[in-house]
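So the structure is just underneath, and the comments pick up after that.
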Amino acid sequence: MSDTPADVLLEIHAAALAGMVNGPKQFERWAALAADEDHPDADLGEERFHEILVGEDGALTALWSRHLTAWDFAEEPQWALDTPARTDARRTVVYDRLRLGSDLRKALDDAVPVARVPGPTVITREFTPWYTSERTAARCFYWKAYEAKLRAKGWSEAATAGLDEASRAVVERLTDPEQVAARQAKGLVVGYVQSGKTANFTGVTAKAIDAGYRLVIVLGGTLNLLRAQTQRRLDMELIGQENILRGSDINDLDSLVGVDYVSDDDADWPDFVRHGGRPSALGAFDIERLTTRDDDYKGLAQGIRALEFEKREPTRPLYDPANLHHAAARILVVKKNKSVLTKIVKDLKQIHGLLGELPALIIDDESDQASVNTLDPKKWEAGATERTAINGLISQLLKLLPRAQYVGYTATPFANVFVDPGDEEDIFPRDFLISLPRPTGYMGVQDFHDLDDDGTGQAEAAHVRGIYDSTGDRLQEAMDAFVLTGALKLYRTAHGLPEGPFRHHTMLVHESVRMAEQAALAQRISTMWHNGAYKGTEGHTRLASLFEKDFHTYADGALPTPKTYADLKPYISRAHQLISKGGTPAIVVNGASERDYDQPDLDFDRTEHVWKILVGGTKLSRGFTVEGLTISYYRRTTQQADTLMQMGRWFGFRPGYRDLVRLYIGREETLGRSRNARTVDLYEAFEAICRDEELFRAELARYAPLVDGRPQVTPAQIPPLVAQHLSWVKPSARNKMFNAELVEVRSPGTWVEPTAYPDTPEELAHNTEAWEPVLAALGDAPVRLAVGDDVGYEARVGTVSHETLMQVLCDLRWSVPSRFSPHLEFLLRAGQQPATIDDWFVITPLQSAAGGRQGRILGRGPFTPVRRTRRRAPLFGGISEPKHRAAALRIAGAVTTTGSAAVEEHVRPRRGALVLYPVVESEFRLTADGSVEPRDLVMAFSVVAPKSSVGPGSPLVRFRAIDSGRQDAVVIDRDDVRP
Numbered sequence: 009m010s011d012t013p014a015d016v017l018l019e020i021h022a023a024a025l026a027g028m029v030n031g032p033k034q035f036e037r038w039a040a041l042a043a044d045e046d047h048p049d050a051d052l053g054e055e056r057f058h059e060i061l062v063g064e065d066g067a068l069t070a071l072w073s074r075h076l077t078a079w080d081f082a083e084e085p086q087w088a089l090d091t092p093a094r095t096d097a098r099r100t101v102v103y104d105r106l107r108l109g110s111d112l113r114k115a116l117d118d119a120v121p122v123a124r125v126p127g128p129t130v131i132t133r134e135f136t137p138w139y140t141s142e143r144t145a146a147r148c149f150y151w152k153a154y155e156a157k158l159r160a161k162g163w164s165e166a167a168t169a170g171l172d173e174a175s176r177a178v179v180e181r182l183t184d185p186e187q188v189a190a191r192q193a194k195g196l197v198v199g200y201v202q203s204g205k206t207a208n209f210t211g212v213t214a215k216a217i218d219a220g221y222r223l224v225i226v227l228g229g230t231l232n233l234l235r236a237q238t239q240r241r242l243d244m245e246l247i248g249q250e251n252i253l254r255g256s257d258i259n260d261l262d263s264l265v266g267v268d269y270v271s272d273d274d275a276d277w278p279d280f281v282r283h284g285g286r287p288s289a290l291g292a293f294d295i296e297r298l299t300t301r302d303d304d305y306k307g308l309a310q311g312i313r314a315l316e317f318e319k320r321e322p323t324r325p326l327y328d329p330a331n332l333h334h335a336a337a338r339i340l341v342v343k344k345n346k347s348v349l350t351k352i353v354k355d356l357k358q359i360h361g362l363l364g365e366l367p368a369l370i371i372d373d374e375s376d377q378a379s380v381n382t383l384d385p386k387k388w389e390a391g392a393t394e395r396t397a398i399n400g401l402i403s404q405l406l407k408l409l410p411r412a413q414y415v416g417y418t419a420t421p422f423a424n425v426f427v428d429p430g431d432e433e434d435i436f437p438r439d440f441l442i443s444l445p446r447p448t449g450y451m452g453v454q455d456f457h458d459l460d461d462d463g464t465g466q467a468e469a470a471h472v473r474g475i476y477d478s479t480g481d482r483l484q485e486a487m488d489a490f491v492l493t494g495a496l497k498l499y500r501t502a503h504g505l506p507e508g509p510f511r512h513h514t515m516l517v518h519e520s521v522r523m524a525e526q527a528a529l530a531q532r533i534s535t536m537w538h539n540g541a542y543k544g545t546e547g548h549t550r551l552a553s554l555f556e557k558d559f560h561t562y563a564d565g566a567l568p569t570p571k572t573y574a575d576l577k578p579y580i581s582r583a584h585q586l587i588s589k590g591g592t593p594a595i596v597v598n599g600a601s602e603r604d605y606d607q608p609d610l611d612f613d614r615t616e617h618v619w620k621i622l623v624g625g626t627k628l629s630r631g632f633t634v635e636g637l638t639i640s641y642y643r644r645t646t647q648q649a650d651t652l653m654q655m656g657r658w659f660g661f662r663p664g665y666r667d668l669v670r671l672y673i674g675r676e677e678t679l680g681r682s683r684n685a686r687t688v689d690l691y692e693a694f695e696a697i698c699r700d701e702e703l704f705r706a707e708l709a710r711y712a713p714l715v716d717g718r719p720q721v722t723p724a725q726i727p728p729l730v731a732q733h734l735s736w737v738k739p740s741a742r743n744k745m746f747n748a749e750l751v752e753v754r755s756p757g758t759w760v761e762p763t764a765y766p767d768t769p770e771e772l773a774h775n776t777e778a779w780e781p782v783l784a785a786l787g788d789a790p791v792r793l794a795v796g797d798d799v800g801y802e803a804r805v806g807t808v809s810h811e812t813l814m815q816v817l818c819d820l821r822w823s824v825p826s827r828f829s830p831h832l833e834f835l836l837r838a839g840q841q842p843a844t845i846d847d848w849f850v851i852t853p854l855q856s857a858a859g860g861r862q863g864r865i866l867g868r869g870p871f872t873p874v875r876r877t878r879r880r881a882p883l884f885g886g887i888s889e890p891k892h893r894a895a896a897l898r899i900a901g902a903v904t905t906t907g908s909a910a911v912e913e914h915v916r917p918r919r920g921a922l923v924l925y926p927v928v929e930s931e932f933r934l935t936a937d938g939s940v941e942p943r944d945l946v947m948a949f950s951v952v953a954p955k956s957s958v959g960p961g962s963p964l965v966r967f968r969a970i971d972s973g974r975q976d977a978v979v980i981d982r983d984d985v986r987p
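Each residue of the sequence shown is one higher than the last, beginning at 9 in the numbering used here.
Take a look at the structure:
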């Protein structure tokens with residue numbers, strides 16, 4: 009019995025685990041049932057299981073990894089006893105239900121550690137659960153195929169389980185496709201730029217068609233280049249070979265004429281999903297493609313038959329399970345193009361009665377581009393809603409398909425969030441908004457910007473190369489970096505790294521939106537390339553210097569990297585050859601017609617090696633994945649935040665070469681013309697926008713947890729939340745206003761930093777004088793505040809009662825009062841409750857003086873005011889310094905890391921912390937006695953309320969209806985509001 013082979017045990021374990029549809033169950037009993045007939049004498053004891061597991065049997069470990077990870081990631085299953093997903097507590101519940109011994113638990117923990125990664129953040133309306141585990145297990149043909157494809161591509165079990173969880177979060181909020189009553193759900197999924205949103209909506213598509221959705225329309229960008237890229241992904245990873253062939257004999261060349269991928273010997277055809285036969289012959293259903301790799305939707309050349317669904321039971325509606333699960337699914341991947349969408353609408357209108365029975369799914373990739381209605385409501389005719397072309401056609405599709413569900417995908421969500429939710433025919437995500445977590449291995453803002461650190465961060469030093477007036481344009485250096493990194497990729501391939509991630513090697517140059525200027529720039533790059541002497545002494549001298557001072561310095565020690573340039577030099581020639589292929593290193597990627605993009609050097613799927621410098625603009629900034637992007641050269645200015653964010657093509661996955669990624673970016677670029685021209689720092693602008701987006705995601709995460717089983721916030725209440733931080737975003741419906749007014753934001757243990765300070769001398773002086781009681785409480789002797797291993801900083805400190813601080817805060821004036829009033833409301837209400845807030849510890853950091861000057865404030869001090877500017881008038885950007893936060897958070901009980909004695913002696917259970925920053929916006933004046941004029945000061949501050957200020961289970965936000973007579977109205981006319 010003890011000699012039970014590993015393959016036999018694997019077979020038994022696989023059968024036992026496969027039967028646990030509703031969660032983990034006693035493993036020994038289920039294994040005995042699985043072994044009963046074929047292997048009755050198998051050793052099912054834990055000792056043999058443990059022996060094979062620690063013996064590095066990869067297959068058994070992989071099997072258990074799949075199931076343990078799935079149970080770890082399951083969101084709120086009944087069997088989990090309310091334990092959070094992806095925690096040790098959840099894993100313990102799993103082991104308890106499996107009834108495994110301690111030795112086996114330890115071995116499994118070592119082999120399959122709990123993946124402590126964040127899940128998606130979900131803001132949702134209440135919905136009727138229908139997507140049960142039983143239903144999922146019964147109908148999962150295409151999801152299982154896609155899941156297997158992801159594993160074959162090298163996805164980890166945690167990444168696969170994370171996608172399973174995130175895609176389920178979408179599908180379960182759609183309407184049950186078998187439901188008798190027609191209902192549309194609309195949602196928005198927010199990812200990161202180039203972070204794998206396509207993988208998510210492919211998973212959603214797989215689960216949706218498995219569940220019963222029979223028409224899927226994917227709006228895949230505004231160019232055929234983007235549309236074809238999406239079509240190929242779906243064909244390769246979901247639809248599969250058998251559905252593409254549609255019965256054609258793979259060995260009969262005549263029958264393959266015109267068949268995508270096969271007829272032109274596409275090298276990747278063997279990698280397309282194979283189902284093992286026509287899905288309909290395997291008990292599932294086929295997928296019929298109404299678009300192909302090369303052809304967008306052109307109208308139904310074969311007649312309306314392609315959209316006619318045969319019913320097994322003609323007297324029953326299509327959504328009846330007897331019909332639904334035997335009908336083929338139709339998938340279209342189309343451009344957001346007026347003529348294309350018009351053809352779809354026209355053909356759908358000819359189907360008549362069936363449309364009311366047809367469960368459909370519309371997936372809108374880059375949903376903030378072209379889909380949003382941008383017409384000015386003030387110019388509409390009375391009683392009419394006028395729409396832009398694409399928005400109007402999406403609206404028509406939703407009207408024609410009463411059972412259609414709409415899911416938008418974007419990395420820049422603000423335009424979608426501010427769509428008028430009162431327009432029932434528009435695309436406002438009224439049912440759900442899901443923010444996807446940052447994927448493992450993704451290079452994002454944190455890898456290029458040293459956010460919230462104390463000056464020791466290396467992100468900027470490692471990856472960012474600023475372009476200043478004093479540095480020249482650095483274009484030659486960027487091109488040299490492109491050659492060097494190409495050679496380093498070849499070196500790494502030769503020293504054991506897989507070649508796949510290095511198949512393509514690209515550089516992106518983005519300076520202008522004007523096509524003539526891009527063509528001239530490409531010509532200049534070509535000239536510089538041919539004069540670069542890359543095969544001569546001059547070129548090698550430049551490359552050797554750049555390698556030593558940059559790439560050798562910041563190389564990842566875990567990856568193969570030559571010790572000297574001499575070791576790398578043999579690979580330079582091959583890199584130069586690959587980049588020079590075709591006679592020029594650069595290609596222009598822009599234009600007004602499709603043929604401008606139909607060039608082999610831009611086809612990452614069908615071209616073996618794309619090693620090029622891409623000179624482009626807007627067309628490369630939306631949805632298009634630039635494979636192998638290693639060097640980015642960016643100097644284009646724009647005032648549109650979402651446009652700027654989408655230009656960040658340097659974000660993405662860079663396996664095996666993330667240490668080689670470099671961003672050359674303008675730090676002193678001219679924005680505007682003539683008298684309105686000003687100098688801007690594009691790197692700083694990116695950082696500001698990234699901070700806004702991170703703050704948006706953090707706000708969603710705060711309000712996502714349910715309270716008493718109900719949502720704290722619905723999607724319709726997101727706009728007033730977002731409006732506190734994103735003043736540059738305006739609702740598209742200017743004649744409407746949201747009926748939900750944010751009254752209170754409860755933020756225990758959270759750093760709150762107001763930015764809407766007044767800008768008139770009178771109001772500034774008033775605010776300065778209001779702080780007199782707090783200034784009076786500060787001690788004269790500075791103390792050093794430090795937490796953990798930080799060196800800390802010196803500050804003057806003191807303590808004031810809650811009542812005193814509230815009197816000060818209530819007396820302050822603001823440029824935009826609504827930005828602080830919800831926080832003030834919280835502090836006032838908290839002070840009225842027993843055992844919540846006793847007092848406040850005040851910290852005034854000793855700053856470096858602006859211009860080396862100090863001054864007294866209201867006879868107190870001296871203080872050293874700091875210089876800050878208003879980034880979006882009348883609002884400041886960040887005022888505080890990250891290094892000042894830890895002590896305040898510790899004193900307020902928000903962190904447990906121990907501080908210095910000067911910190912710990914002031915920690916109290918019901919004590920908040922306030923950090924006070926005297927700020928000046930320009931050179932300040934001193935009076936005869938050395939005081940700063942109160943009218944020259946902005947008395948900025950940040951607060952951290954104690955954790956005790958909100959009881960457990962309390963909602964973090966409170967709204968009220970502006971028009972109390974219409975409590976349920978999401979939006980109301982501005983003219984209806986009376987003072």
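Beta carbons are placed, not taken as given, at the ideal position from N, Cα and C, and that holds for glycine.
Selection from the options that minimises the alpha carbon distance to residue i
i    : options                   : result
R821 : G53, P762, P287 and E365  : P762
S957 : L835, L261 and W138       : L835
T129 : V16, T776, R176 and F949  : R176
D788 : D328, R301, R804 and P781 : R804
E992 : T535, L832, I851 and S823 : The structure shown does not extend to residue 992, since the chain spans only 9 to 987, so no value can be given for it.
S478 : E519, G504 and E677       : E677
Where the beta strand (DSSP E) through residue i begins and ends
i    : result
Q466 : No beta strand (DSSP E) holds Q466; DSSP gives it neither H nor E.
Q413 : A412 to T418
W848 : D847 to P853
D372 : A368 to D373
M515 : H513 to H518
W87  : Where W87 is concerned, there is no enclosing beta strand (DSSP E), given that its DSSP letter is neither H nor E.
E802 : Y801 to S809
V669 : Looking at the DSSP string, V669 is not in any beta strand (DSSP E), and its letter there is neither H nor E.
Cβ-Cβ separation, residue j to residue i (assumed contact under 8 Å), whole Å
i    : j    : result
E752 : P870 : Their Cβ separation, rounded to whole angstroms, is 38 Å, which puts E752 and P870 out of contact at 8 Å.
L586 : W619 : 4 Å
T776 : P942 : 4 Å
The alpha helix (DSSP H) enclosing residue i, as first and last residue numbers
i    : result
D218 : K205 to A219
D455 : V453 to F456
V353 : K346 to K357
P926 : From DSSP, P926 is part of no alpha helix (DSSP H) but of the beta strand (DSSP E) over R919 to V928.
Residue environment, residue i, which counts as buried when at least 16 other CB atoms sit within 10 Å
i    : result
L41  : exposed
P48  : exposed
S682 : exposed
D667 : buried
R532 : exposed
D767 : exposed
A219 : buried
L734 : Residue placement at L734 is flagged as unreliable, the pLDDT there being 36, under the threshold of 50; a coordinate-derived value is accordingly withheld.
E250 : buried
- beta strand (DSSP E) runs contained entirely in the segment 250 to 326, provided each spans 3 or more residues: 295 to 297
- Item | Ordered list of alpha helix (DSSP H) runs contained in the segment 742 to 794, each at least 4 residues | 769 to 778 and 780 to 784
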